[in-house]
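Numbering (my numbering), first residue to last: 2 to 372. Even glycine gets a Cβ: it sits at the ideal position worked out from N, Cα and C. Each remark here refers to the structure printed beneath this line.
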Amino acid sequence: MSLESLPDFFPLYEDLNFTEVHNATWEICPSAFDRGALLRAMCTLYVFIFIVGLAANALVVWVNVRAEHHRHETHLYILNLAVADLCVVATLPVWVSSLAQGGHWAFGEAACKLTHLLFSVNLFASIFFLACMSVDRYLTVTYFGDAPGGRKRLVRRLVCAGAWLLALVASVPDTYFLRAVKVSHSDVTHCCPVYPEDSQQEWMAAVQLSFVMLGFAVPFPVIAVSYALLASALASTSSSTSSSASSSSAGDQERRLSRKVILTYIVVFLVCWAPYHVVLLMDALVLLGSLPLTCAMENALYVGMHLTQCLSLLHCCVNPVVYSFIHRHYRYDLMKAFIFKYSTRTGIARLMENSNGVETEYSAVENPSQL
């Protein structure tokens, strides 16, 4: 089972679990919980993620597109990240509809493939943009802070295009095997991958391991190491300028704040993605026979897959906050966009316009070239 086919795979076993032992003997496992209640809870969580994620990411896209001057080094990554997260949450109503019908897929095979592809590509792209952003920030601070702006913008555009292409390539294999499968002796149809029968478990395990590698095992070390090195670079910059205490106190305070923001980036990614990929890895090991598949394990994987996938999708709601709204400049751009659009003649609008010219506060994370 793949990340995107998860909501439709497990409902095949709505009332009973079936544990396969040595590909021959089947043991019926009683369910230890109310699966209907679990699916209803998932529907509720998906609706919440859809509403919040759609509003927050649409706002980020609108503010970034509308901004006349992009003052942020990572503007392009944040814009692409918001677009990717927006596309992910846009598919959630389809999953809610399927889950509400006990996993029944009523939209046909073409929609099955297209929806899964849209979900998977943008989920991968979101993770890749986070990793690219962390590397870009570190390199800008340490090596390319003085590089021409035009050259840096070109490189960032190429990196973003490469991230989208890699996300597409990573999503194609599993999407290829997706089918709208009608359940025997029933009117229920499921959208799920159908692998070659002679190597079904191996294919499922391989797809899941590829998700673990591309979705967490590679991106998380890149993000953690890049931000750790960035924090070290900020500390070194702070110590080298400590001689002029009066002039650098504001900058030191900003750098301390930036290090807290860096820690937030790492923790948020870890909390959102680690649980899901741990469960996915365990399921792959079960498929490969490295872990025994008992009834307790089967029930744990069922609950774990559903709950951790919901947790992972919360990143679509969290990303706009920690990568956009947490920064003062983005909040300023948001307020300016609304106030200038609807209150261009008010005193507060003129005050904000005048304060923009004398603004001195900056974020060492968003604008590392200023260090």
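Check your understanding: Tell me, which residues are paired with Ala-181 by DSSP?
Key -> Its beta-bridge partners are Cys-192.
Check your understanding: Based on the DSSP output, what are the partners of Cys-161 in its beta bridges?
Key -> In DSSP, Cys-161 forms no bridge with anything.
Review point. Would you report the Cα separation of Ser-187 and Ala-181, rounded to the nearest angstrom?
Key: Their Cα atoms are separated by approximately 14 Å.
Check your understanding: What is the rounded straight-line gap between the Cα of Ala-162 and the Cα of Tyr-196?
Key -> 30 Å
Exercise for review: Apply the 10 Å Cβ neighbour rule to Arg-41 and answer buried if 16 or more other Cβ atoms are within range, or exposed otherwise.
Suggested key: exposed
Exercise for review: Could you tell me if Arg-138 is buried or exposed, where buried requires 16 or more neighbouring beta carbons within 10 angstroms of its beta carbon?
Suggested key: buried
Review point. In this structure, does DSSP put Tyr-333 in helix, strand or coil?
Key: Helix at Tyr-333.
Check your understanding: Leaving out the 5 sequence neighbours to the left and right, which residues in its chain are closer than 6 Å to Leu-46 when beta-carbon positions are compared?
Key -> Cys-311
Point to revise | 8 Å contact criterion, which Gly-104 and His-191 should meet: CB distance rounded | key: 6 Å
**Study point:** Contact between the region 74 to 90 and the region 315 to 330 (3+ Cβ pairs under 8 Å)
**Key:** yes
**Study point:** Closest Cα partner of Val-136 within the set Val-61, Ala-225, Leu-100
**Key:** Per the Cα distances, Ala-225.
Exercise for review: With a threshold of 16 other CB atoms inside 10 Å of the CB of Leu-155, please say whether the residue is buried or exposed.
Suggested key: exposed
Exercise for review: Excluding the 5 residues preceding and the 5 following Val-213 in the sequence, name in chain order all residues of the same chain whose CB lies nearer than 8 Å to its CB.
Suggested key: His-278, Leu-281, Leu-282, Ala-285
Practice item. Could you name each continuous alpha helix (DSSP H) segment of 4 residues or more that falls completely within the region 269 to 325, going from the start of the chain to the end? Key: 296 to 314, 316 to 321
Review point. Do three or more CB pairs link the region 168 to 175 to the region 115 to 127 at distances below 8 Å?
Key: Inter-segment contact for the region 168 to 175 and the region 115 to 127 is present: three or more beta-carbon pairs are separated by less than 8 Å.
Review point. What are the boundary residues of the alpha helix (DSSP H) that Val-89 is part of?
Key: In the DSSP annotation of this structure, the continuous segment of the alpha helix (DSSP H) that includes Val-89 starts and ends at 76 to 91.
Check your understanding: At what residues does the alpha helix (DSSP H) containing Glu-110 begin and finish?
Key -> 109 to 143
**Study point:** Same chain, Cβ closer than 7 Å to Leu-80, five either side skipped, listed in chain order
**Key:** Val-62, Asn-65
Check your understanding: Looking at the C-beta of Ser-211, does it have a partner C-beta in chain D at a distance below 8 Å?
Key -> This model lacks chain D altogether, as it is built from one protein chain only.
Point to revise | Terminal residues of the alpha helix (DSSP H) in which Ser-211 lies | key: 201 to 213
Practice item. Identify which residue in Leu-235, Leu-215, Leu-335 has its Cα closest to the Cα of Leu-258. Key: Leu-235
Point to revise | Status (buried if at least 16 other CB within 10 Å, exposed otherwise) for Glu-299 | key: buried
Check your understanding: From which residue to which residue does the alpha helix (DSSP H) around Phe-51 run?
Key -> Segment 36 to 67, the alpha helix (DSSP H) holding Phe-51.
Check your understanding: What is the rounded straight-line gap between the Cα of Pro-327 and the Cα of Lys-261?
Key -> The question names Pro, yet the displayed sequence has Ile at residue 327. Roughly 11 Å separates the two Cα atoms.
**Study point:** Ala-98, DSSP secondary structure in three states
**Key:** In the sequence under discussion, the amino acid at residue 98 is Ser, which differs from the Ala named in the question. Three-state result, Ser-98: helix.
Check your understanding: Roughly how many whole angstroms lie between the Cα atoms of Arg-158 and Gly-151?
Key -> 11 Å
Exercise for review: Report the residue from Tyr-331, Ser-227, Val-95 whose alpha carbon sits nearest the alpha carbon of Thr-391.
Suggested key: This structure does not reach residue 391, given that the chain is present from 2 up to 372, and the question cannot be answered.
**Study point:** Under 8 Å between C-beta atoms of Phe-129 and Pro-220
**Key:** yes
Point to revise | Residues of its chain near Phe-270, where Cβ-Cβ distance is below 7 Å and the 5 sequence neighbours each way are ignored | key: Within the same chain, Phe-270 has close Cβ partners Leu-131, Phe-221, Ile-224.
Exercise for review: Specify the secondary structure class of Ile-327 as computed by DSSP and reduced to three states.
Suggested key: coil
Review point. In the structure shown, what three-state DSSP assignment does Leu-170 receive?
Key: For the record, residue 170 in the displayed sequence is Val; it is not Leu. Three-state DSSP puts Val-170 in a helix.
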